[in-house]
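J.: Under the numbering used here, think of the first position of the sequence shown as -7, with each following residue one higher.
One structure follows; several queries about it will come next.
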Amino acid sequence: MLVMLIFALLPLAYAEVVELTKDDFETKVSEKEYTLVMFYAPWCGHCKHLKPHFEEASSLLKESNVRLARLDCTAHGDKCTEFQVSGYPTVKLFKNGVFHKDYDGARDTDGIRAFMVKHSQPPSKKLDNVAQLKDLLASDDAGRLSVVVAYFKEQGSSLKTFQDVASSLLSDVLFAHTGDPSVLDSKRDSDIRLYRPRLLASKLEDQSLEYSGKVTSEALNDWIRKSQFGLVGYRSPQNDKFFPKDNLLVLYNNASLVDYVKGVNYYRNRLIKLLKTKPEWKLTFAYSYSLDYYHELSDLGEVDGPFPLVALYSSGKKYKHKLSDFKPDAIVKFVEDFTAGTLTAHIKSQPIPTPTDEAAVTAVGLTFDEVVNDESKDVLIMFHAPWCGHCKSLMPKFKEAAEKLRSEPGVRFVLYDATENEIPEPYEVRGYPTLYFVPRKSKNAPKSFEGSREVDDIIKYVAKESTEELQGFDRDGRLKKPEL
């Protein structure tokens, strides 16, 4: 007993997380059926936080046919670019050496382990009788997730396609299949049926739908994504990847599917009833719990409500409407005003600052377009947070580099507090500080700056990337000698 206690108190001996390189990447990620890869940078604080969780999960999974690996993007940048890594850490799942999906689980030991265990099991559950189908539909998971069940008389290529789709949507949709036609009361050689989440059942919509298309991965996947939520989906951080970012209208409220199902469905049903009279509206509607979307409500300046609150997202802009009382007519007017182009977009912004003589210009949400999208300037912008230690360390170096390039007419250095101002598309800020180089002729294609952040290296980067060669530095960042 004492020996067991001593061993229990010893530090956990972590199984090795495989360190990948660009040369052995394909080989290593092909050796196991599933490999989870963390793309990271050594200086990244979020990466350092995730590292021990990744290692502990690797230890817990060492007996399974999965692998956890990591790739240093500062040393193997081409490989990270290949997989469209735009921030750190980025975690991606590979199946038999091929990219399978982005990691969407919790970023802790239990979340990583659960994600890998689920993906290493059969993606679709086999049903032998109607009783098993009823049990599946009555399960807790089926309360919040859609269930897709297939019957195939011939358990061949169609079943394989169905299982491939199930694998790609694992964690988001429940899948099951059967070879017994009585399970779905099928009179055909094949049937696929989708059951919407039980907790979101509405008398105004069908609870189950039959698939009538061809059994191809693309068509079936697309049908499931479009059908699973009905006219008004319950949008949460777990499923919001299925909702479009454009032409999306969200009703935020302080009732969640966990603690007040009736409250959620009260508003959903009123919206569903309205939408059935407005087939011409080309918008996606969703209901979201206010506490799940603090960041979105913060961007709208409405963290404290009052709720319900409606917001419409379109073409990178956001529009909001406060509802003192939920009335369908108010929604109709809001949408009609949006369609007519008479709404004013909301921009999260600090007050416009008084101009100073600083070489690094401070921009805010209301001046971003004027300062950053000025087509006469190449811009290096630093997204920062006032509480961020790494930002405080970089700030004097950034300002010194700006000072040394002050006389360059085609270059501008910009400071931007990302916690208090709008982060416009297409910028992604996953950690602080985040730097982008914005060429004067490509304002919609900013380049993520991932190089060394010392003064001389910042200058070298700008000298290399600038649209026109700098007046005081050559393309290698060397100071030009004055002409005699």
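Ideal Cβ positions, reconstructed from N, Cα and C, are used throughout, including at glycine.
These numbers were taken from a predicted model, which means no experiment stands behind them.
#1: Check N231 in the structure and name its three-state DSSP category.
#2: State yes or no: is the C-beta of V175 within less than 9 Å of the C-beta of N213?
#3: If you draw a straight line from the alpha carbon of T334 to that of E395, how long is it in whole angstroms?
#4: To the nearest angstrom, how far is it from the Cα of V295 to the Cα of L201?
#5: With a floor of 3 residues, list each beta strand (DSSP E) that falls wholly inside the segment 412 to 470, ordered by position along the chain.
#6: At which residue ranges does the segment 302 to 342 contain complete beta strand (DSSP E) runs of 3 or more residues, listed in the order of the chain?
#7: What residue does the alpha helix (DSSP H) around K43 start on, and which one ends it?
#8: Look up H169 in the DSSP assignment and give the residues it is bridged to.
#9: Note down the Cα distance separating H45 from Y281, rounded to an integer number of angstroms.
#10: Could you give the distance in angstroms between the alpha-carbon of F410 and the alpha-carbon of V454?
#11: By a C-beta neighbour count over all protein chains shown, 10 Å radius and 16 as the cutoff for buried, is I450 buried or exposed?
#12: For W379 and T153, I'd like the C-alpha separation in whole angstroms.
#13: Relative to the C-alpha of L243, which residue among L263, D251, G443, L125 is closest?
#14: Quick one: which unbroken alpha helix (DSSP H) runs of 4-plus residues sit fully inside the segment 368 to 415? Chain order, please.
#15: Quick check on DSSP: helix, strand or coil for Y285?
#16: If I follow the unbroken alpha helix (DSSP H) through K268, where does it start and stop?
#17: How close, in whole Å, do the beta carbons of R105 and P189 come, if the pair is a contact with beta carbons under 8 Å?
#18: Does the separation of the CB atoms of L28 and V77 fall below 9 Å?
#19: Pairs of beta-carbons, one from the segment 335 to 347 and one from the segment 411 to 428, closer than 8 Å: are there three or more?
#20: Would you kindly work out how many angstroms separate the C-alpha atoms of D16 and F31, rounded to a whole number?
#21: Give the DSSP-derived three-state secondary structure of A507 in the structure shown.
#22: Any Cβ of chain C within less than 9 Å of the Cβ of K312?
#23: Does the separation of the CB atoms of F86 and Y26 fall below 9 Å?
#24: Reducing DSSP to helix, strand and coil, say where V256 ends up.
#25: Using the three-state DSSP reduction, which class does G225 fall into: helix, strand or coil?
T.: This is what the structure holds:
#1: Position 239 of the sequence shown, counting from 1, holds the residue named residue 231. Reduced to three states, the DSSP call for N231 is coil.
#2: Against the sequence shown, residue 175 aligns to sequence position 183. Against the sequence shown, residue 213 aligns to sequence position 221. No.
#3: One-based indexing of the sequence shown puts residue 334 at position 342. One-based indexing of the sequence shown puts residue 395 at position 403. Each residue's Cα considered, the two are about 43 Å apart.
#4: Counting from 1 along the sequence shown, the entry for residue 295 is found at position 303. Counting from 1 along the sequence shown, the entry for residue 201 is found at position 209. Rounded to whole angstroms, V295 to L201 spans 37 Å at the Cα level.
#5: Complete beta strand (DSSP E) runs here, min 3: 426 to 430.
#6: Entirely contained in the segment 302 to 342, the beta strand (DSSP E) runs reaching 3 residues are, in chain order, 309 to 314.
#7: As a working mapping, residue 43 is identified with position 51 in the sequence shown. Residue range 37 to 52 is occupied by the alpha helix (DSSP H) that includes K43.
#8: Taking the sequence shown and counting its residues from 1, the one referred to as residue 169 is at position 177. Its beta-bridge partners are K118, A142.
#9: Reading the sequence shown from its first residue, position 53 is the one you call residue 45. Reading the sequence shown from its first residue, position 289 is the one you call residue 281. For H45 and Y281, the gap between their C-alpha atoms comes out near 29 Å.
#10: Within the sequence shown, numbered from 1, the residue matching residue 410 stands at position 418. Within the sequence shown, numbered from 1, the residue matching residue 454 stands at position 462. Looking at the sequence itself, residue 410 is Ala, so the reference to Phe does not match. One alpha carbon belongs to A410, the other to V454, and they sit about 22 Å apart.
#11: By 1-based counting over the sequence shown, the position of residue 450 is 458. With 16 or more other Cβ atoms within 10 Å, it is buried.
#12: Numbered from 1 along the sequence shown, position 387 holds the residue referred to as residue 379. Numbered from 1 along the sequence shown, position 161 holds the residue referred to as residue 153. If I take the Cα positions, the gap works out to 49 Å.
#13: The sequence position of residue 243 within the sequence shown is 251, counting from 1. Of the candidates L263, D251, G443, L125, L263 places its Cα closest to the Cα of L243.
#14: Correct list: 381 to 396.
#15: On the sequence shown, position 293 is the one that residue 285 refers to. In the structure shown, Y285 sits in a helix (DSSP, three-state: H, G or I).
#16: By 1-based counting over the sequence shown, the position of residue 268 is 276. Neither: K268 is in no alpha helix (DSSP H) and is coded neither H nor E.
#17: Here residue 105 corresponds to residue number 113 of the sequence shown, with the count starting at 1. Here residue 189 corresponds to residue number 197 of the sequence shown, with the count starting at 1. Cβ atoms of R105 and P189 stay farther apart than 8 Å, at about 26 Å.
#18: If you number the sequence shown from 1, residue 28 lands on position 36. If you number the sequence shown from 1, residue 77 lands on position 85. No, these two residues do not count as a Cβ contact at 9 Å.
#19: Taking 8 Å as the limit for Cβ pairs, the verdict is that the segment 411 to 428 does touch the segment 335 to 347.
#20: Taking the first residue of the sequence shown as position 1, residue 16 is located at position 24. Taking the first residue of the sequence shown as position 1, residue 31 is located at position 39. Note on geometry: alpha-carbon atoms of D16 and F31 lie some 15 Å from one another.
#21: Summary: the structure shown does not reach residue 507, with the chain confined to residues -7 through 476, and so no result is reported for it.
#22: No chain C is present in this structure, which holds just one protein chain.
#23: Along the sequence shown, one-based indexing puts residue 86 at 94. Along the sequence shown, one-based indexing puts residue 26 at 34. A contact, by the Cβ cut-off of 9 Å.
#24: As a position in the sequence shown, residue 256 is number 264, starting the count at 1. Helix.
#25: On the sequence shown, position 233 is the one that residue 225 refers to. It is a strand residue.
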